[in-house]
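What follows is a single structure, written as structure tokens, with notes after it.
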Amino acid sequence: MALRLPRVWRQAGYEVDLLCLDGEILGSSRFVDHVIQEATAEDLFQRLIGILRVNDARWQAVVVVDEQLVRKLIASGDRAVLENWQPGALDYEVGSFFLSKFGLEMVSKNPAMQIPPSRVCRTAEEIASFGESVGWPVILKPANGSGGTGVVRYDSVIELETKLPLPELPVLAQKFIFGKEGVVEMFCSAGRPLAWLASHSTRRMGGAFSYSTARMFLPKPELCPLVEQVARFTNFEGFCGFDWIRDENTGIHWMIEFHPRASAGLRFADRCGVDFSAAIVAAMTPGTAEFSPRVQMSGTSVAAHSFPWDLFRCLRDWDWRGLAMWLPGRNVHHDVFWDDSPLFKSWGRARFRELFRMK
Numbered sequence: 096m097a098l099r100l101p102r103v104w105r106q107a108g109y110e111v112d113l114l115c116l117d118g119e120i121l122g123s124s125r126f127v128d129h130v131i132q133e134a135t136a137e138d139l140f141q142r143l144i145g146i147l148r149v150n151d152a153r154w155q156a157v158v159v160v161d162e163q164l165v166r167k168l169i170a171s172g173d174r175a176v177l178e179n180w181q182p183g184a185l186d187y188e189v190g191s192f193f194l195s196k197f198g199l200e201m202v203s204k205n206p207a208m209q210i211p212p213s214r215v216c217r218t219a220e221e222i223a224s225f226g227e228s229v230g231w232p233v234i235l236k237p238a239n240g241s242g243g244t245g246v247v248r249y250d251s252v253i254e255l256e257t258k259l260p261l262p263e264l265p266v267l268a269q270k271f272i273f274g275k276e277g278v279v280e281m282f283c284s285a286g287r288p289l290a291w292l293a294s295h296s297t298r299r300m301g302g303a304f305s306y307s308t309a310r311m312f313l314p315k316p317e318l319c320p321l322v323e324q325v326a327r328f329t330n331f332e333g334f335c336g337f338d339w340i341r342d343e344n345t346g347i348h349w350m351i352e353f354h355p356r357a358s359a360g361l362r363f364a365d366r367c368g369v370d371f372s373a374a375i376v377a378a379m380t381p382g383t384a385e386f387s388p389r390v391q392m393s394g395t396s397v398a399a400h401s402f403p404w405d406l407f408r409c410l411r412d413w414d415w416r417g418l419a420m421w422l423p424g425r426n427v428h429h430d431v432f433w434d435d436s437p438l439f440k441s442w443g444r445a446r447f448r449e450l451f452r453m454k
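For the sequence shown, the residue numbers in the numbering used here are 96 to 454.
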């Protein structure tokens with residue numbers, strides 16, 4: 096998720112320090128100025144708590160890219176940390192929303208947010224009751240799953256009773272909306288979206304709920320009210336994103352998940368003409384209210400295939416047509432790190448070691 100963030104901050108005119116675990120490949124990036132390493136995840140967490148609690152003047156902004164670490168920081172309840180880093184999380188409803196998907200239950204009742212009916216269910220009977228009350232089908236999601244892991248859909252109470260085993264409980268049950276799904280990557284400050292881009296999936300690694308390996312980025316001005324709604328409600332500072340779905344019957348756009356960290360589509364922002372670096376500069380200097388949000392221009396679309404996941408998927412599935420999209424001249428964008436060769440080499444070495452260990 097973070098491989099392109101140092102470049103974005105460097106383009107905004109800032110030096111980049113990286114706080115990470117020993118051996119993190121991002122430390123080799125030519126866009127990283129200094130690397131601060133910790134031996135364990137707990138040491139890293141405590142170092143980060145210390146930096147945020149005192150609002151360490153050595154750093155003008157702190158970006159946390161690991162979602163579980165974001166949630167652990169918020170769950171700490173440390174008021175000084177939240178005031179200096181994510182003041183929106185001081186609100187109980189917003190803080191719960193950041194902590195896990197289960198926070199969607201509370202926020203779905205908020206008329207200021209466009210979220211499908213949602214309920215945390217702890218038994219099969221509660222799932223059945225929810226399905227009957229909102230109408231089938233329903234989709235079940237684990238609290239902290241990612242990439243579609245553990246997501247299941249049930250179309251009726253009979254299917255719920257016969258399609259075993261049930262996912263591990265408790266789960267978040269959501270009214271299933273029929274329509275096209277997509278993602279928004281955004282940068283927010285002071286309750287405003289300063290830059291954002293939208294896309295929908297064209298290839299997935301596995302089933303219908305698995306993560307995307309290829310996307311189509313395109314202008315979606317109709318999403319603007321939802322984007323502004325999310326930024327205003329969360330008061331999030333920095334990079335975040337959310338999953339949306341457009342109801343094929345009503346045309347309504349619903350937010351179905353929120354991610355309190357930068358997401359992978361950010362790497363294609365340059366191809367889409369969306370300048371996140373300009374948004375950073377605006378957030379860090381006075382006059383943000385006068386800044387015009389950066390969005391993809393009308394009349395443009397960008398077909399993007401994620402390296403290496405789409406390439407691996409094509410080879411795994413013997414998808415020769417998909418593999419042909421990686422050939423030159425196909426008008427498809429691939430974000431290979433040619434402009435950051437030290438990072439690319441480190442990634443390659445790590446990948447080969449991983450493959451060797453698998454064998």
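Every residue gets a Cβ at the ideal spot worked out from N, C-alpha and C, and that includes glycine.
Name, in chain order, the residues that DSSP records as bridge partners for residue i.
| i | result |
| --- | --- |
| Phe334 | Phe282 |
| Gln132 | Cys115 |
| Glu352 | Asp338 |
| Arg214 | Ala268 |
| Tyr249 | Val233 |
| Lys440 | None, per the DSSP bridge assignment. |
| Gly277 | His295 and Trp339 |
| Ala107 | In the DSSP output, where bridge partners are listed per residue, Ala107 has none listed. |
| Arg389 | Ala290 |
Going by the CB atoms, is the gap between residue j and residue i shorter than 7 Å?
| i | j | result |
| --- | --- | --- |
| Asp151 | His129 | no |
| Phe271 | Arg248 | yes |
| Ser123 | Leu438 | yes |
| Val278 | Trp291 | no |
| Ala223 | Leu255 | yes |
| Met208 | Val202 | yes |
| Val103 | Ser372 | yes |
| Ala285 | Thr297 | no |
| Ala445 | Ile120 | yes |
| Leu177 | Leu164 | no |
| Gly145 | Ile169 | no |
| Ser393 | Pro288 | no |
| Gln391 | Val376 | no |
| Phe282 | Ala374 | yes |
| Ala219 | Leu259 | no |
| Val427 | Ala398 | yes |
| Gly226 | Val233 | yes |
Quick one: give me the first and last residue of the beta strand (DSSP E) that residue i is part of.
| i | result |
| --- | --- |
| Ser307 | Ser307 to Phe312 |
| Ser294 | Arg287 to Arg299 |
Could one say the Cβ of residue i lies closer than 7 Å to chain C's Cβ atoms, at least one of them?
| i | result |
| --- | --- |
| Lys440 | In the structure shown, chain C does not exist; there is a single protein chain. |
Can you tell me where the alpha helix (DSSP H) with residue i in it begins and where it stops?
| i | result |
| --- | --- |
| Pro222 | Checking the sequence shown, residue 222 turns out to be Ile, not Pro. Run containing Ile222: Ala219 to Val229, per the alpha helix (DSSP H) assignment. |
| Gln324 | Cys319 to Thr329 |
| Gln209 | Where Gln209 is concerned, there is no enclosing alpha helix (DSSP H), given that its DSSP letter is neither H nor E. |
| Ile375 | Phe371 to Met379 |
| Val252 | Val252 to Thr257 |
| Tyr187 | Tyr187 to Leu194 |
| Ala170 | Glu162 to Ala170 |
| Val176 | Arg174 to Trp180 |
| Ala364 | Ala364 to Cys367 |
| Gly202 | Correcting the residue type first, residue 202 is Val in the shown sequence and not Gly. Counting along the chain, the alpha helix (DSSP H) containing Val202 begins and ends at Gly198 to Val202. |
| Ala398 | That residue, Ala398, is in no alpha helix (DSSP H); its beta strand (DSSP E) goes Val397 to His400. |
| Ala419 | Trp415 to Ala419 |
| Trp404 | Trp404 to Asp412 |
Could you check if residue i is buried or exposed, using at least 16 other CB atoms within 10 Å of its CB as the buried criterion?
| i | result |
| --- | --- |
| Glu200 | buried |
| Leu422 | exposed |
| Phe273 | exposed |
| Val431 | exposed |
| Phe331 | buried |
| Leu410 | exposed |
| Arg99 | buried |
| Arg362 | buried |
| Ala378 | buried |
| Gln141 | exposed |
| Ala364 | buried |
| Trp413 | exposed |
Cβ of residue i versus every heavy atom of the ligand FMN: is any distance shorter than 6 Å?
| i | result |
| --- | --- |
| Ala326 | Within the structure as shown, the ligand FMN is missing, as the structure has no ligands at all. |
| query | Can you find at least 3 beta carbon pairs, one from the region 266-284 and one from the region 190-205, that sit closer than 8 Å? | reply | yes
| message | Below 8 Å, how does it come out for the region 409-428 and the region 345-352: are there three or more Cβ pairs, yes or no? | response | Output reads no: the region 345-352 does not touch the region 409-428.
| Counting pairs of Cβ atoms below 8 Å between the region 304-323 and the region 153-171, do you hit three or more? | Between the region 304-323 and the region 153-171 there are fewer than three C-beta pairs closer than 8 Å, too few to call the two in contact.
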